[in-house]
Amino acid sequence: MKKLIPLFLALCCLLLCACASKPAEKAPIPEPETLAAELLASGAFSEDLALAEEDVGRFLYALENLNAPGLCFCFSSGAVAEEIAILPCVDEVNAQTARDECGHRLENLVKLYTEYKPEEVPKLEKAMILQKGNTIVFCAAADEKKAKAVLDKYF
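When we follow the working numbering, the leftmost residue of the sequence shown carries the number 107, and every step to the right adds one.
Shown next as structure tokens:
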């Protein structure tokens with residue numbers, strides 16, 4: 107009988123583990139402009155960001171040759187270090203390129219704002235570069251917690 111008690115306890119543990127709920131799966135990533143609008147509506151930004159022409163964003167992020175249709179970029183006036191880039195890529199190679207260039211963009215912004223407006227640098231230090239599948243998101247916001255709350259639904 108004493109030998110059966112540990113076996114019974116082990117079986118109970120296995121059953122409890124099997125019945126445990128799985129973590130909720132993330133929602134599918136919405137279209138780039140829809141996700142950008144959701145971020146903008148979250149109150150995470152201290153000023154209105156403007157939706158930029160795709161060619162402008164590609165130039166600023168050095169993504170002119172990236173195989174990724176439908177990129178979305180939102181930029182501030184330059185008075186604050188806040189911006190969004192949503193980059194759905196066609197494959198892993200292009201996604202890695204986009205992620206790398208987001209890192210370079212962040213480095214360049216830190217250098218720029220360190221000299222121009224050092225009080226903006228903390229926003230950049232909390233900027234997010236996220237990836238899900240072949241989609242990359244760069245987000246520098248005044249309130250990174252509000253931006254993260256939006257992005258956590260998808261990434």
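Think of the CB as a built atom: it goes at the ideal place given N, C-alpha and C, for glycine as much as any other residue. Remember, predicted model here, so these are calculated numbers, not experimental data.
8 angstroms Cβ shell around residue i - same chain, five flanking residues per side excluded
{"i": "asparagine 173", "result": "Cys195, Val196, Asp197 and Asn200"}
N- and C-terminal bounds of the alpha helix (DSSP H) containing residue i
{"i": "phenylalanine 165", "result": "160-166"}
{"i": "proline 138", "result": "138-147"}
{"i": "proline 228", "result": "227-231"}
Endpoints, beta strand (DSSP E) assigned at residue i
{"i": "phenylalanine 238", "result": "First, the amino acid is wrong: residue 238 is lysine here, not phenylalanine. 234-238 is the span of the beta strand (DSSP E), which, as asked, contains lysine 238."}
{"i": "glutamate 189", "result": "189-194"}
{"i": "valine 243", "result": "241-246"}
Euclidean distance between Cα positions of residue i and residue j
{"i": "glutamate 139", "j": "alanine 253", "result": "15 angstroms"}
{"i": "phenylalanine 165", "j": "serine 148", "result": "27 angstroms"}
{"i": "phenylalanine 261", "j": "leucine 193", "result": "13 angstroms"}
{"i": "lysine 232", "j": "phenylalanine 244", "result": "11 angstroms"}
{"i": "arginine 205", "j": "phenylalanine 181", "result": "18 angstroms"}
{"i": "valine 256", "j": "leucine 141", "result": "9 angstroms"}
{"i": "alanine 156", "j": "threonine 241", "result": "21 angstroms"}
{"i": "glutamate 213", "j": "tyrosine 167", "result": "11 angstroms"}
{"i": "leucine 169", "j": "cysteine 178", "result": "12 angstroms"}
Cβ neighbours of residue i in the same chain (closer than 6 angstroms, five flanking residues each side left out)
{"i": "aspartate 249", "result": "Ala150"}
{"i": "isoleucine 235", "result": "Cys208 and Phe244"}
Member of the options whose CA lies at the smallest distance from the CA of residue i
{"i": "arginine 211", "options": "Asp258, Val256 and Gly163", "result": "Gly163"}
{"i": "glycine 176", "options": "Ala158, Lys217 and Leu215", "result": "Ala158"}
Residue-chain proximity (residue i, chain E), Cβ-Cβ < 8 angstroms
{"i": "alanine 246", "result": "As a matter of chain content, chain E is missing from the structure shown, which is built from one protein chain."}
_Check whether the segment 179-192 and the segment 146-163 touch, using three or more Cβ-Cβ pairs below 8 angstroms as the test._
When Cβ pairs closer than 8 angstroms are counted between the two stretches, the segment 179-192 is seen to touch the segment 146-163, the count reaching three or more.
*Between the segment 225-237 and the segment 129-145, are three or more C-beta pairs nearer than 8 angstroms?*
Cβ pair count under 8 angstroms is below three, so no.
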